[in-house]
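Q: Just dropping this structure here.
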Amino acid sequence: MTETQNACFIPFASDISMFTLAPKFTFPFYYQPDPLCILAAEEVQRHLSKQQSWYHNFGLADDPNNIIGKMFGVLVVKDKQGRLGYLRGFSGKLADQNHLPAFVPPVFDMLAQDSFFHEKQRIINQLTKELESLATSEGFLNAQAHAAQVQSECNAQIEQARQHVISHRAQRKAQRKTAQRELDSPQLAALQQALAKQSVEDKLTFNQTKVQLNSKMQEANNAFAEFETHITRLKEQRKTLSAQLQQRLFEQYQFLNAKGEHKSLASIFSDTVMRTPPAGAGECAAPKLLHYAFVHKFTPIAMAEFWWGASPKSQVRRHKQFYPACIGKCQPILNHMLQGLSVEDNQLLQNTADNKQIDIVYQDDEMLIINKPAQLLSVPGKHIQDSVYTRIKNLFPQATGSLIVHRLDMSTSGLMVIALSAASHKALQKQFISRQVEKSYVALIDGLLEKQQGTITLPLAGDFYDRPRQCVCEKTGKPAHTTWQVIERRSSQQQTKVLLQPKTGRTHQLRVHCAHERGLNMPIIGDDLYGNRDSRLHLHAQSLSLFHPVSNTWLTFHRDAEF
Numbered sequence: 005m006t007e008t009q010n011a012c013f014i015p016f017a018s019d020i021s022m023f024t025l026a027p028k029f030t031f032p033f034y035y036q037p038d039p040l041c042i043l044a045a046e047e048v049q050r051h052l053s054k055q056q057s058w059y060h061n062f063g064l065a066d067d068p069n070n071i072i073g074k075m076f077g078v079l080v081v082k083d084k085q086g087r088l089g090y091l092r093g094f095s096g097k098l099a100d101q102n103h104l105p106a107f108v109p110p111v112f113d114m115l116a117q118d119s120f121f122h123e124k125q126r127i128i129n130q131l132t133k134e135l136e137s138l139a140t141s142e143g144f145l146n147a148q149a150h151a152a153q154v155q156s157e158c159n160a161q162i163e164q165a166r167q168h169v170i171s172h173r174a175q176r177k178a179q180r181k182t183a184q185r186e187l188d189s190p191q192l193a194a195l196q197q198a199l200a201k202q203s204v205e206d207k208l209t210f211n212q213t214k215v216q217l218n219s220k221m222q223e224a225n226n227a228f229a230e231f232e233t234h235i236t237r238l239k240e241q242r243k244t245l246s247a248q249l250q251q252r253l254f255e256q257y258q259f260l261n262a263k264g265e266h267k268s269l270a271s272i273f274s275d276t277v278m279r280t281p282p283a284g285a286g287e288c289a290a291p292k293l294l295h296y297a298f299v300h301k302f303t304p305i306a307m308a309e310f311w312w313g314a315s316p317k318s319q320v321r322r323h324k325q326f327y328p329a330c331i332g333k334c335q336p337i338l339n340h341m342l343q344g345l346s347v348e349d350n351q352l353l354q355n356t357a358d359n360k361q362i363d364i365v366y367q368d369d370e371m372l373i374i375n376k377p378a379q380l381l382s383v384p385g386k387h388i389q390d391s392v393y394t395r396i397k398n399l400f401p402q403a404t405g406s407l408i409v410h411r412l413d414m415s416t417s418g419l420m421v422i423a424l425s426a427a428s429h430k431a432l433q434k435q436f437i438s439r440q441v442e443k444s445y446v447a448l449i450d451g452l453l454e455k456q457q458g459t460i461t462l463p464l465a466g467d468f469y470d471r472p473r474q475c476v477c478e479k480t481g482k483p484a485h486t487t488w489q490v491i492e493r494r495s496s497q498q499q500t501k502v503l504l505q506p507k508t509g510r511t512h513q514l515r516v517h518c519a520h521e522r523g524l525n526m527p528i529i530g531d532d533l534y535g536n537r538d539s540r541l542h543l544h545a546q547s548l549s550l551f552h553p554v555s556n557t558w559l560t561f562h563r564d565a566e567f
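Numbering (my numbering), first residue to last: 5 to 567.
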């Protein structure tokens with residue numbers, strides 16, 4: 005099939021003669037969608053809204069069951085004839101399929117009829133069924149119950165025999181005391197000899213009883229252990245087969261880059277801290293799109309990914325919104341695939357706070373209260389050293405201790421307390437740990453809130469595969485508590501200014517609590533992780549109240565936001 009006949013190459017339906025091509029390819033982990041990508045995404049979204057050749061429950065209709073929103077991607081490309089168009093792809097499976105008309109295929113289709121995956125998976129599934137059958141069989145359950153009953157009865161008998169020994173010992177002790185008062189020496193010696201003999205007989209009887217009962221328990225346990233040994237052997241066999249199948253799959257995923265070089269999924273992740281590819285690696289839209297483009301000799305121009313459908317319960321995903329590629333699963337793959345392309349600079353490595361100043365609100369010999377500008381790090385980062393810590397260290401070289409008592413996100417502006425001595429740092433930190441410190445923030449959110457106030461208690465955990473994002477997790481998340489109150493509704497702009505008071509200090513707590521569908525369901529303006537980029541994140545720590553670390557005086561500080 006030639007490029008002009010390629011079923012996945014889609015010419016733009018709209019006039020694109022006025023568009024200018026991006027000089028460099030999209031940096032996929034932090035970007036503003038290229039206008040051509042926005043146009044392509046809109047065309048894909050119209051297709052998703054109208055097509056009837058397949059069905060997937062995105063959660064946009066009335067069906068409340070099995071809702072699965074999906075990440076889609078568009079890759080603007082140029083063919084050998086110089087014609088502009090785009091490729092479209094989806095992450096994972098769609099409508100329980102890997103292949104849908106005019107969407108790029110997976111890099112490796114494990115569901116193909118001739119794939120080795122089916123036969124190996126059939127064997128693994130058979131082992132799973134055998135395990136389930138064995139674990140619920142009458143023989144296993146009877147042996148398990150019998151072993152438990154025998155153990156319980158025998159332990160009770162051993163304990164009863166032990167109590168007899170203890171009781172007889174007490175009786176003999178009492179006899180000795182009485183005999184010492186009432187018997188002469190020959191009689192006392194005879195009694196003590198008889199009591200010593202009883203003691204030996206009691207110990208012997210107890211030990212014999214214990215040996216007999218332990219033997220009875222061992223016999224019952226041996227019958228049950230035969231089942232357990234069989235189950236363990238089956239589990240080990242299944243584990244080995246699964247690992248072998250997984251490794252073989254990793255080798256089948258061969259990703260092509262712009263230089264024409266292939267690299268397997270196993271090889272790509274072998275140099276990462278994870279070593280082993282996480283589940284679903286290589287199935288995201290971005291690597292599928294780029295691989296297809298390289299295989300078919302298309303020239304990549306720009307790429308973007310957007311969410312279509314209802315948000316997952318744990319993550320913040322908004323219908324039709326663009327998102328960067330994930331860090332955990334996609335970054336190692338795309339780092340390989342982008343080699344040979346001229347890619348935009350990573351804006352996250354640029355210090356955009358270089359020309360911004362720290363405002364010192366309060367100062368004495370023990371502490372500072374500062375007003376941190378947005379985009380300035382609290383502490384030095386991996387790539388950017390400029391931070392509140394480094395600046396304060398330069399301004400106050402005589403200060404001792406760790407200086408930083410608490411942090412604000414780089415994107416957040418507002419009040420921070422800085423300790424100028426080790427003793428003050430310890431005293432101030434203790435207040436934060438015991439939650440004596442009172443903090444309030446002001447935020448501008450994207451939408452009009454109907455209610456006037458409320459409370460959000462969504463537990464938060466780090467998104468393991470997409471740091472630094474946080475997700476809501478009822479099982480592993482740490483408690484997070486925020487109260488909120490409307491300050492102002494800006495109807496013309498469809499925005500609401502709110503007062504946020506966190507009772508806990510989890511990473512990105514206010515950002516997630518605002519953006520998540522079970523929170524305010526309205527992201528903070530300028531939130532490049534959970535909403536849309538703007539001139540800045542409109543979140544400001546406006547008030548801070550605490551006890552002075554030396555005088556113990558209660559102090560309150562306030563600085564209004566710039567928005």
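For every residue, glycine included, the Cβ atom is placed at its ideal position computed from N, Cα and C.
Just so we're clear, the structure is a prediction, and the values are computed from it rather than from any experiment.
Quick check on Thr-8: buried or exposed, where buried means 16 or more other Cβ atoms within 10 Å of its Cβ?
A: Working through the sequence shown from its first residue, we reach residue 8 at position 4. Annotation note: pLDDT 45 at Thr-8 (below 50); position unreliable, no value reported.
Q: Whose CA, out of Thr-303, Ala-285 and Glu-232, lies closest to the CA of Lys-263?
A: Looking up residue 263 in the sequence shown gives position 259. Comparing Cα-Cα distances from Lys-263 to each of Thr-303, Ala-285 and Glu-232, the minimum goes to Thr-303.
Q: Please list the segments of the alpha helix (DSSP H) lying wholly inside the segment 119-178, counting only runs of 4 or more residues, in order along the chain.
A: Listed in chain order, the complete alpha helix (DSSP H) runs (minimum 4 residues) inside the segment 119-178 are 120-139.
Q: CA-CA distance, Leu-43 and Gln-319?
A: In the sequence shown, counting from the first residue as 1, residue 43 sits at position 39. In the sequence shown, counting from the first residue as 1, residue 319 sits at position 315. Distance between the alpha carbons of Leu-43 and Gln-319: 26 Å.
Q: Considering only their Cβ atoms, is the gap separating Gly-418 from His-512 smaller than 7 Å?
A: In the sequence shown, residue 512 corresponds to position 508, counting from 1. In the sequence shown, residue 418 corresponds to position 414, counting from 1. Going by C-beta atoms, His-512 is not nearer than 7 Å to Gly-418.
Q: In chain order, what residues of the same chain have a beta carbon less than 7 Å from the beta carbon of Gln-256, not counting five sequence neighbours either side?
A: Within the sequence shown, residue 256 is the residue found at index 252, counting from 1. Phe-112, listed in sequence order.
Q: Give every residue of the same chain whose Cβ lies closer than 8 Å to the Cβ of Thr-459, excluding the five residues on either side of it in the sequence, and list them in chain order.
A: Stepping through the sequence shown from its first residue, residue 459 is reached at position 455. Hits under 8 Å: His-485, Thr-486, Thr-487 and Trp-488.
Q: Kindly indicate which residue of Val-383, Asn-129 and Val-365 has the alpha-carbon position closest to the one of Leu-238.
A: As a working note, residue 238 is residue 234 in the sequence shown. Residue Asn-129 is the option with its Cα nearest to Leu-238.
Q: Report yes or no: do three or more beta-carbon pairs, one from the segment 116-129 and one from the segment 236-252, lie closer than 8 Å?
A: Yes: the two stretches touch, three or more of their Cβ pairs being nearer than 8 Å.
Q: Taking just the CA atoms, how far does Asp-470 sit from Asp-349?
A: Walking along the sequence shown from the start, residue 349 turns up at place 345. Walking along the sequence shown from the start, residue 470 turns up at place 466. Between Asp-349 and Asp-470, the C-alpha separation is close to 20 Å.
Q: Nearest to Gly-509 by alpha carbon, out of Val-409, Thr-30 and Gly-286?
A: Indexing the sequence shown from 1 puts residue 509 at position 505. The option with the nearest alpha carbon to Gly-509 is Val-409.
Q: Between the Cα of Pro-483 and the Cα atoms of Ile-337, Pro-472 and His-517, which residue gives the shortest distance?
A: Locating residue 483 in the sequence shown gives position 479, where the first residue counts as 1. Comparing Cα-Cα distances from Pro-483 to each of Ile-337, Pro-472 and His-517, the minimum goes to His-517.
Q: Take Arg-87 as the anchor and find which of Ile-305, Ala-565 and Gly-530 has the nearest alpha-carbon.
A: Here residue 87 refers to the residue found at position 83 of the sequence shown. Minimum Cα distance to Arg-87 is reached at Ile-305.
Q: Express the C-alpha separation of Thr-394 and Gly-77 in angstroms, rounding to a whole number.
A: Here residue 77 corresponds to residue number 73 of the sequence shown, with the count starting at 1. Here residue 394 corresponds to residue number 390 of the sequence shown, with the count starting at 1. Those two C-alpha atoms are separated by around 41 Å.
Q: Please name the residue in Arg-50, Phe-31, Pro-32 and Phe-29 whose C-alpha comes closest to that of Ser-18.
A: Here residue 18 refers to the residue found at position 14 of the sequence shown. If we check each option's Cα against that of Ser-18, Arg-50 comes out closest.
Q: Nearest to Lys-479 by CA position, among Leu-187, Ala-565, Gly-466 and Ala-285, is which residue?
A: Position 475 of the sequence shown, counting from 1, holds the residue named residue 479. Checked all of Leu-187, Ala-565, Gly-466 and Ala-285; the closest Cα to Lys-479 is Gly-466.
Q: Can you tell me the Cβ-Cβ gap for Leu-64 and Ala-314, rounded? I've got them flagged as a contact below 8 Å.
A: Walking along the sequence shown from the start, residue 64 turns up at place 60. Walking along the sequence shown from the start, residue 314 turns up at place 310. Confirmed, about 7 Å.
Q: Leaving aside the five residues before and after Gln-440 along the sequence, list all residues of the same chain whose C-beta is less than 8 Å from its C-beta, in chain order.
A: Mapped onto the sequence shown, residue 440 falls at position 436. Around Gln-440: Leu-550 and Phe-551.
Q: Can you confirm whether the segment 492-505 touches the segment 447-458 when touching is taken to mean that 3 or more C-beta pairs between the two stretches lie within less than 8 Å?
A: The answer is yes - the segment 492-505 touches the segment 447-458, with three or more Cβ pairs under 8 Å.
Q: With hydrogens ignored, establish whether the beta-carbon of Gln-241 is closer than 6 Å to any heavy atom of the ligand PLP.
A: Looking for the ligand PLP in the displayed structure turns up nothing, as the structure carries no ligands at all.
Q: Need the endpoints of the alpha helix (DSSP H) that Gly-332 sits in, please.
A: For the purposes of this step, residue 332 is identified with residue 328 of the sequence shown, where counting begins at 1. Element bounds for Gly-332: 331-341.
Q: Does DSSP classify Arg-411 as helix, strand or coil?
A: Along the sequence shown, one-based indexing puts residue 411 at 407. If DSSP states are grouped into helix, strand and coil, Arg-411 belongs with coil.
Q: For the segment 282-296 against the segment 94-109, are there 3 or more C-beta pairs whose distance is under 8 Å?
A: As far as the Cβ criterion goes, the segment 282-296 touches the segment 94-109, which means the pair count is three or higher.
Q: With a threshold of 7 Å on Cβ separation, who are the neighbours of Met-414 within its own chain once the five nearest residues in sequence on each side are excluded?
A: Here the question's residue 414 lines up with position 410 in the sequence shown. So the list reads Gln-379, Leu-380 and Leu-381, once near-sequence residues are dropped.
Q: With burial defined as no fewer than 16 other Cβ atoms inside 10 Å of the residue's Cβ, what is the status of His-429: buried or exposed?
A: Counted from its first residue, the sequence shown places residue 429 at position 425. His-429 should be labelled buried.
Q: What residues in its chain sit with their C-beta under 8 Å from that of Arg-242, if we drop five residues either side in the sequence?
A: Locating residue 242 in the sequence shown gives position 238, where the first residue counts as 1. Closer than 8 Å at Cβ, skipping near neighbours: Ile-128, Leu-131, Thr-132 and Leu-135.
Q: Since Gln-258 sits in a beta bridge, which residues does DSSP pair it with?
A: Here residue 258 corresponds to residue number 254 of the sequence shown, with the count starting at 1. Its beta-bridge partners are Ser-268.
Q: Would you identify the three-state DSSP class for Lys-501, choosing helix, strand or coil?
A: In the sequence shown, the residue the question calls residue 501 occupies position 497. Three-state result, Lys-501: strand.
Q: Under 8 Å by Cβ, that's how I've got Phe-273 and Pro-37 pegged, so tell me the actual separation to the nearest angstrom.
A: For the purposes of this step, residue 273 is taken as residue 269 along the sequence shown, with counting starting at 1. For the purposes of this step, residue 37 is taken as residue 33 along the sequence shown, with counting starting at 1. At roughly 28 Å, the Cβ-Cβ gap does not stay under 8 Å, so Phe-273 and Pro-37 are not in contact.
Q: Relative to the C-alpha of Gln-457, which residue among Gln-155, Gln-505 and Gln-117 is closest?
A: Position 453 of the sequence shown, counted from the start, is the residue given in the question as residue 457. It is Gln-505 whose Cα lies nearest to the Cα of Gln-457.
Q: Contact defined as beta carbons within less than 8 Å: I believe Thr-24 pairs with Ala-308. What is the distance between those atoms, to the nearest angstrom?
A: To locate residue 24, count along the sequence shown from 1; it is residue 20. To locate residue 308, count along the sequence shown from 1; it is residue 304. Not really, about 16 Å apart at Cβ, beyond 8 Å.
Q: So Asp-363 packs on Leu-424, CB below 8 Å; how close in whole Å?
A: Your numbering for residue 363 matches position 359 in the sequence shown. Your numbering for residue 424 matches position 420 in the sequence shown. Between Leu-424 and Asp-363 the Cβ distance is about 17 Å, and since that is not below 8 Å, they are no contact.
Q: Among all the DSSP beta bridges, which residues are the ones paired with Gly-89?
A: Counting from 1 along the sequence shown, the entry for residue 89 is found at position 85. Paired residues: Pro-15 and Val-81.
Q: Among residues of its own chain, excluding the 5 on either side of Arg-411, which ones have a beta-carbon nearer than 6 Å to its beta-carbon?
A: In the sequence shown, residue 411 corresponds to position 407, counting from 1. Taken in chain order, the residues that qualify are Ser-382.
Q: Below 8 Å on the Cβ atoms is my guess for Cys-158 versus Met-221; work out the distance and round it to an integer in Å.
A: If you number the sequence shown from 1, residue 158 lands on position 154. If you number the sequence shown from 1, residue 221 lands on position 217. That belief holds up - the Cβ atoms of Cys-158 and Met-221 are roughly 5 Å apart, short of 8 Å.
Q: Roughly how many angstroms separate the alpha carbons of Leu-342 and Asn-261, rounded to a whole number?
A: Numbered from its first residue, the sequence shown carries residue 342 at position 338. Numbered from its first residue, the sequence shown carries residue 261 at position 257. In a straight line, the C-alpha of Leu-342 is about 6 Å away from that of Asn-261.
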